[in-house]
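K.L.:
One line per chain: the protein sequences are G and A, in this order.
For the first sequence, position 48 (counting from the first letter as 1) is numbered 34 according to my numbering, and the numbering increases by one without interruption.
In my numbering, each residue carries its 1-based index in the second sequence increased by 58.
Beta carbons: idealized from backbone N, C-alpha and C, even for Gly.
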Amino acid sequence: MKLEWKSYLAAETPAYTSYPTSHGFSDAIGAAALEKRLSGVGQYEPISLYINSPFENAATLQTATHSDTSDVHETARRYVKLLTRQIFHVGQLLQGRGRLTALHFAGAAPHVLLHKDLGVILDAVEMAFGLTDSAIVSMDIDTRLVSFEMAEALGALGLSRIKLGVQDFDPDVQKAIGRVQTFSHIGEVMNAFRRFGVFDINLELGYGLPRQTKESFARTLSLAVSLSPECITLRNGAAPSPSLAATQTQPDTLSLRLEQPETARHILTAAGYECVGFDHFAKTQTALAKAAQTQAIKYNLLGLNADPARIVLGIGQAAVSQFDDLLVQNHSGIDAYISCVERDILPAMRGATLSREDRLRARIIEALLSTLNANILDICNDFDLDLAVLRNAFGKIEMLRNVGLVTYKDGKMLIPEEARAFANVVAACFDENLSKIRHLSYAI
Amino acid sequence: MATTLQCGTRTTLDILPVFCSSCQVREKSVCGDLTDQELIDLQRNMSSIDVEKGSTLIHQDDEVMHLFVVTHGSFRLLKVLEDGRQQITGFGFPGDYIGVRAGAASNYSVEALVPGRVCSFPHVTLRRLSAQHQSIQDRLIRNADTELTKAYNHMVLLGQKTVHERVATFLYDLIGQIGKPRPQDGHDAYEVALDMSRRDIADYLALRSETLSRVLKDFKTSGLMQEVTRHKVTIRSLGQLKQRTLTDAL
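The following block contains the structure:
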């Protein structure tokens, strides 16, 4: 990695799980647009569904919903009622169109809801959307809150893929990020899930975390490899809070941050993992690695994935529904969300319709982040648009080309493997709304 | 994996072929309204094909060159998604037309679930014969509609019905097509062969296998079904089954 790249480390670019990002959303796009779009879904068109429970645990849900009962399970049941009601409503609008290929529980669902409640949600999904054995059910898991019994119950529900947010194994780092858990506990959690049929485990690690050292990071990577997860995600742990950000922009920390993705790439590829997209490492035989080889990989609201669906429907507070030509976000305020769902109104807050040019940009950004390359000319041709519409983007790309973060030749844009941690910066060049995000625009 | 299509009996005699005179589905087939003499003309251009279990009659995305009318056996219609996963979109039984939409790329593959037989009519011939025989044209149009109706019904099945209603509707329709009365068990009792796997049925009904098993068990416990085996279901009353397609009274 080159020293010139250092200045781009500070660029906190959006994750681009959707384009436009929420900065490009408008209040004018909402329930009506979503309802119309749902009626245009094809009969067997693949759909991914995700259920959002944006709460850390049952107590957070209790506070968020200003629940009038002290019984956290009763509060959770009420939230499940809202979720199932929205599930039935959206299912009704689909009228049997579409086929569910993946169901994801985002947020800390199993720590907020009892597995019995999760079963109720699965039944509702089966009834409203259809749910077959071939659909992949996945879940984000907070390893600190998992018990053996929970792993057993979740396995029995048909869960097949989990993502464990570990971040780091070093006790000092764990203390600094407020996520203390022992290596042996995480190992036991993984064994428990495997025992109950969950064989696709994604371990999420972070770089750029406070207190990380060159040695501690290498140790964390080796420990991760020893657990043999199917996939490892390396996320940029740059903290959004200003105080933490200050500690992380110190020169020595920056140098380390610059090295870490490369350290990870060397250790993990030597251990048999393949680089997939901008931040994933997957074992060769996984669906993700295979999809990466055939360029069938996708990058959307559900992150990097091999699911065939191009439609993602979001259930729950603040969840986003994603189509190639439309994005709609549910109310992020719980009161507004509840009020809509209880009146059987789609709880849409804001969204965006995508013009042909937006879709062109979305396609380029998705290609760059999922495969590290994009055939810009081909994509322009696909959308019948002239390369000239990307004039501003190329102005920005030029700077990145000069420092070797990206190459461009014969219409093909390529992010070198050693620069994959900067793929977001390259992608951001194609973001028309970037100027709306004030603190970002200086960097690019 | 599917094996290649096996061509069997192919007759080009100037007499009515044996398989036509004994055909169980002739009244449903394209040739249903033809006189024996007209049928002898038609059979010069058609063939009866034996289909091995597991072989593929039509491949998804291939151009549809022939119309197949099922005379024996059971077939499954399936769609393969880009990640290789399969999805069952329907089943074909004696009397069903498969590949009605000439020239179009097929939306699905068609596989034999058991050894079967189909009559194969080249679309190019059918186009010519349609001009001479209004009845052939009528039947083709009607069955093109049937294909659309089936797709529509599948959508309604998945969109409006509870899990019990979905299973009941599937069995009711199946009995309507290939069910056999069981007068020894009652005036309204039927049995029906299940040539498809439980997994195929669950997939067609967009249910988890576990849910399908639970619903079948419920039907047996409630006395609606007398027997449920891997390959056969016997029901006590078709009328009662019809009731279950309408409400989810447990």
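Would Tyr5 (chain G) count as contacting chain A if we go by Cβ distances under 7 Å?
P.N.:
no
K.L.:
Using beta-carbon positions only, say whether Val411 (chain G) and Ala(-3) (chain G) come within less than 7 Å of one another.
P.N.:
yes
K.L.:
State the beta-bridge partners of Asp126 (chain G) as determined by DSSP.
P.N.:
G:Lys149
K.L.:
For Leu304 (chain A), which residues of its own chain have a beta-carbon under 8 Å away from its beta-carbon, when the five flanking residues on both sides are left out?
P.N.:
Correct list, in chain order: Glu223.
K.L.:
Leaving out five residues before and five after Ala160 (chain A) in sequence, what residues of the same chain have Cβ atoms less than 7 Å from its Cβ?
P.N.:
Val122, His181
K.L.:
Compare the C-beta of Glu(-10) (chain G) with all C-beta atoms of chain A and state if any pair is closer than 7 Å.
P.N.:
no
K.L.:
Please classify Asp253 (chain A) as buried or exposed, where buried requires at least 16 other C-beta atoms within 10 Å of its C-beta.
P.N.:
Taking every protein chain shown into account, the CB of Asp253 (chain A) has 16 or more other CB atoms within 10 angstroms, so this residue is buried.
K.L.:
Which same chain residues, not among the five before or five after Ala334 (chain G), have their C-beta less than 6 Å away from its C-beta?
P.N.:
Gly16, Ala17, Leu20, Val314
K.L.:
Within a Cβ cutoff of 7 Å, which residues of the same chain sit near Ala379 (chain G), ignoring the five residues on either side of it in sequence?
P.N.:
Same-chain partners within the cutoff: Cys415, Phe416.
K.L.:
With a cut-off of 8 Å on the beta carbons, I'd call Phe12 (chain G) and Arg336 (chain G) a contact; round off their distance for me.
P.N.:
This sequence places Ser at residue 12 (chain G); Phe is not what is there. Sure, about 6 Å apart at Cβ, within 8 Å.
K.L.:
Exposed or buried, what is Pro6 (chain G) when buried is set at 16 or more other beta-carbons lying within 10 Å of its beta-carbon?
P.N.:
Pro6 (chain G) is buried by the Cβ-count criterion.
K.L.:
What's the call for Gln271 (chain G), buried or exposed, on a 16-neighbour Cβ count within 10 Å?
P.N.:
exposed
K.L.:
Check the Cβ of Glu140 (chain A) against every Cβ in chain G and list those closer than 7 Å, keeping chain order.
P.N.:
Ala282, Pro294
K.L.:
Bridge partners of Met399 (chain G), per DSSP?
P.N.:
G:Ala360, G:Tyr394
K.L.:
Have a look at His101 (chain G) and His59 (chain G) and give me their C-alpha separation to the nearest angstrom.
P.N.:
11 Å
K.L.:
Looking only at its own chain, which residues have a Cβ that is under 6 Å from the Cβ of Lys111 (chain A), when we skip the five neighbours before and after it?
P.N.:
For Lys111 (chain A), where only same-chain residues beyond five positions count, the Cβ hits under 6 Å are Ala170, Val172, Pro173.
K.L.:
So, with DSSP's three-state summary, where would you put Arg266 (chain A)?
P.N.:
coil
K.L.:
What does a CB cutoff of less than 6 Å around Arg130 (chain G) pick up in its chain, not counting 5 residues either side in sequence?
P.N.:
Gln167
K.L.:
List the endpoints of the continuous alpha helix (DSSP H) containing Arg377 (chain G).
P.N.:
That run of the alpha helix (DSSP H) goes 377 to 388.
K.L.:
With 7 Å as the threshold, decide whether the Cβ of Tyr259 (chain G) is near any Cβ in chain A.
P.N.:
Closer than 7 Å: no.
K.L.:
Using a Cβ cut-off of 7 Å, which residues of the region 100 to 134 of chain G contact any Cβ in chain A, in chain order?
P.N.:
Glu112, Met113, Gly116, Leu117, Thr118, Asp119, Ser120
K.L.:
Using a Cβ cut-off of 7 Å (strictly closer), state whether Ala202 (chain A) contacts chain G.
P.N.:
So no, Ala202 (chain A) is outside the interface.
K.L.:
Measure the CB-CB distance between Val273 (chain A) and Val221 (chain A) and report whether it falls below 7 Å.
P.N.:
yes
K.L.:
Considering only the alpha carbon of each residue, which of A:His117, A:Thr129, A:Ile293 lies closest to Ser80 (chain A)?
P.N.:
Nearest C-alpha to Ser80 (chain A) among A:His117, A:Thr129, A:Ile293: A:Thr129.
K.L.:
Which one or two residues does DSSP pair with Met176 (chain G) in a beta bridge?
P.N.:
According to DSSP, which records beta bridges pairwise, Met176 (chain G) is partnered with nothing at all.
K.L.:
Which bits of chain A does Arg83 (chain G) rub up against, with CB to CB less than 7 Å?
P.N.:
Here the neighbours are Met213.
K.L.:
Name the chain G residues whose beta carbon is nearer than 8 Å to that of Arg257 (chain A)?
P.N.:
Asp119
K.L.:
Against chain G, which members of the region 127 to 153 of chain A pass a CB distance test of less than 8 Å?
P.N.:
For the region 127 to 153 of chain A, residues whose beta-carbon sits nearer than 8 Å to a beta-carbon of chain G comprise Lys137, Leu139, Glu140, Asp141, Arg143, Gln144, Gln145, Thr147.
K.L.:
Since Val27 (chain G) is in the alpha helix (DSSP H), which residue starts that stretch and which ends it?
P.N.:
For Val27 (chain G), no alpha helix (DSSP H) run applies, since DSSP gives it neither H nor E.
K.L.:
In chain A, which residues lie with their C-beta within 7 Å of the C-beta of Gln29 (chain G)?
P.N.:
Ala209, Met213
K.L.:
Using CA atoms only, rank isn't needed, just tell me which of G:Leu99, G:Leu254, G:Val392, G:Pro196 is closest to Thr61 (chain G).
P.N.:
G:Leu99
K.L.:
Would you give the residue range spanned by the beta strand (DSSP E) that Phe203 (chain G) belongs to?
P.N.:
First-last for Phe203 (chain G): 200 to 212, but that is the alpha helix (DSSP H), not the beta strand (DSSP E).
K.L.:
Under 7 Å Cβ to Cβ from Ala202 (chain A), same chain only, skipping five residues before and after it: list those, please.
P.N.:
Val158, Arg159
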